[in-house]
């Protein structure tokens, strides 16, 4: 399919999305049509249907795949099932990046899934970098209202000129609005879509306290329902860009409805455990794009009163016991 054909298909479908076309109805991509093997030898297996992929981490290597095209904005999605049992130190990533094109000033939009010791849940981390701003981590972390190892769940990224929105099962969980004060810290250069599984023993679980235990290997994760719905560009062009109509369609698609915003607020109130905007240990001055919510700050202090500006650990009288993942969860 040529560039112009892809572009007009992209525009017509995205226009449908803007007018109420459900995100989950976007066309799925066969693996060989949209992606290529990145690393991992036999640890990457494409299922016979051509729509599903299995990635494995073992003592030899992790594995991963990457999109054939490079995109400037779009909607990117996959249904993912994570490894069960002991998974500490394991990192599964679904993300956009251009680190291979811009070594010192790359952009990135991340979904990272962080494994855990037996009996504790996987956590999700989202993050963005723009123009090589890796010294300014904009991480948020969350628990989930379901067990991501039992069945597939959909994880999606919408990236437009002005917004980045992360979704879980079509529920928006984080919105990043581009502000003038962010400057180049907002991802703005063409990126590829990646999916990987790898050993993050040095940091992924309790800051590296628990690493990958290969007694429980192989660690296997599954990807299906792949969506690559973006504006494919030629990165060798001096000023690669989407057409004005596509930019406007993406802008409209990134407008969160009242219902969606209510669901996002419920999710964040119930499940967010970390936000860089409230990290007093890391940032003495709050980053410019942050909108500080006193109620949100109060909730986060329960998880870590030192990081979030509460009472020092040595003076705490008791430990917080988090409720069950499903206890008191509002409908989302």
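Residue numbers (my numbering): 35 to 366. All C-beta atoms, glycine included, are put in the ideal place defined by N, C-alpha and C. Quick caveat: nothing in here was measured; it's all calculated off a predicted structure.
- For residue 132, does the count of other Cβ atoms within 10 angstroms reach 16, so buried, or fall short, so exposed? With at least 16 other beta carbons inside 10 angstroms of its own, residue 132 counts as buried.
- Query: Whose CA, out of 210, 324 and 251, lies closest to the CA of residue 196?
  - Reply: By alpha-carbon distance to residue 196, the top candidate from 210, 324 and 251 is 210.
- Message: On the criterion of 16 or more Cβ atoms from any shown chain inside 10 Å, does residue 27 qualify as buried, or is it exposed?
- Response: Outside the shown range of the chain, which is 35 to 366, sits residue 27, and nothing can be said about it.
- Test item: CB-CB of residue 124 and residue 149 under 7 Å: For the pair residue 124 and residue 149, the CB atoms are nearer than the 7 Å cut-off.
- Integer-rounded CB distance, given that residue 269 should sit under 8 Å from residue 224: With 8 Å as the limit, residue 224 and residue 269 qualify as a contact, their Cβ atoms being about 5 Å apart.
- Item | Expected contact under 8 Å - CB spacing of residue 96 and residue 231 to nearest Å | In this structure residue 96 touches residue 231 by the C-beta definition: roughly 5 Å separates them, less than 8 Å.
- Provide the residue(s) that pair with residue 113 in DSSP beta bridges, ordered along the chain. Residue 113 is bridged to 188 and 258.
- Message: When you measure from the CB of residue 62 to every non-hydrogen atom of the ligand FAD, does any distance come out below 6 Å?
- Response: As far as ligands go, the structure on display features none, and thus does not contain the ligand FAD.
- Message: Three or more C-beta pairs under 8 Å: does that hold for the region 239–257 against the region 191–206?
- Response: They do not touch, by the three-pair rule.
- Message: I'd like the list of long-range same chain contacts for residue 119, defined as Cβ closer than 7 Å, with 5 residues on each side in sequence excluded.
- Response: The residues are 152 and 250.
- Which of the three DSSP states, helix, strand or coil, is assigned to residue 144? Correct three-state label for residue 144: strand.
- Item | residue 164 to residue 222 span [Cα, whole Å] | Residue 164 and residue 222: Cα-Cα distance of roughly 7 Å.
- Task: Indicate whether residue 79 and residue 88 have their beta-carbon atoms separated by less than 7 Å.
- Result: Yes. Within cutoff.
- With DSSP run on the structure shown, which of helix, strand or coil describes residue 173? Correct three-state label for residue 173: coil.
- Query: residue 291: buried (16+ other C-beta within 10 angstroms of its C-beta) or exposed?
  - Reply: An exposed status is given to residue 291, since fewer than 16 other beta-carbon atoms sit within 10 Å of its beta-carbon.
- Message: What residue range does the alpha helix (DSSP H) around residue 243 cover?
- Response: DSSP places residue 243 in no alpha helix (DSSP H); its state is neither H nor E.
- Task: Determine the direct distance from the alpha carbon of residue 173 to that of residue 246, and round the result to whole angstroms.
- Result: Distance from the CA of residue 246 to the CA of residue 173, rounded to the nearest whole angstrom, comes to 22 Å.
- Terminal residues of the continuous beta strand (DSSP E) containing residue 159? Looking at the DSSP string, the run of the beta strand (DSSP E) that includes residue 159 is 157–163.
- Query: Three or more C-beta pairs closer than 8 Å, one from the region 130–145 and one from the region 293–306: is that the case here?
  - Reply: Taking a contact to require three or more Cβ pairs closer than 8 Å, the region 130–145 and the region 293–306 do not qualify as touching.
- Mind checking who residue 71 pairs with in its DSSP beta bridge? Partner(s): 99.
- Apart from the five residues on each side of it in sequence, which residues of its chain come closer than 6 Å, Cβ to Cβ, to residue 305? Correct list, in chain order: 176 and 177.
- Hey, could you find the ends of the alpha helix (DSSP H) residue 334 is sitting in? For residue 334, the uninterrupted alpha helix (DSSP H) segment begins and ends at 328–335.
- Task: Return the CA-CA distance between residue 205 and residue 94, expressed in angstroms with no decimal places.
- Result: Spanning the two alpha carbons is a distance of roughly 36 Å.
- Taking the DSSP output, what are the residues bridged to residue 284? Residue pairing for residue 284: DSSP places it in no beta bridge.
- DSSP state of residue 214 mapped onto helix, strand, coil: Note: residue 214 maps to helix in three-state DSSP.
- Pair every Cβ in the region 180–195 with every Cβ in the region 312–328, then say whether three or more of these pairs are closer than 8 Å. In this structure the region 180–195 does not touch the region 312–328; the number of beta carbon pairs closer than 8 Å is below three.
- Backbone CA spacing between residue 284 and residue 262 [nearest angstrom]: Here the alpha carbons of residue 262 and residue 284 stand approximately 14 Å from one another.
- Message: Just to confirm my understanding: we take residue 103, look at its own chain, exclude 5 residues before and 5 after, and list those with CB closer than 6 Å. What are they?
- Response: Cβ within range, chain order: 266.
- Task: Kindly indicate which residue of 234, 63, 74 and 90 has the alpha-carbon position closest to the one of residue 84.
- Result: Of 234, 63, 74 and 90, the residue nearest in Cα terms is 63.
- Euclidean distance between Cα positions of residue 147 and residue 160: Taking the straight line from one Cα to the other gives about 9 Å.
- Item | Unbroken beta strand (DSSP E) run spanning residue 124, endpoints | Per DSSP, residue 124 belongs to the beta strand (DSSP E) from 124–131.
- Query: Along the chain, where does the alpha helix (DSSP H) that runs through residue 305 open and close?
  - Reply: Counting along the chain, the alpha helix (DSSP H) containing residue 305 begins and ends at 292–305.
- Simplified DSSP state of residue 338, which is helix, strand or coil: The three-state secondary structure of residue 338, taken from DSSP, is coil.
- Message: Taking the beta strand (DSSP E) that residue 200 belongs to, which residues open and close that run?
- Response: 197–202 is the extent of the beta strand (DSSP E) around residue 200.
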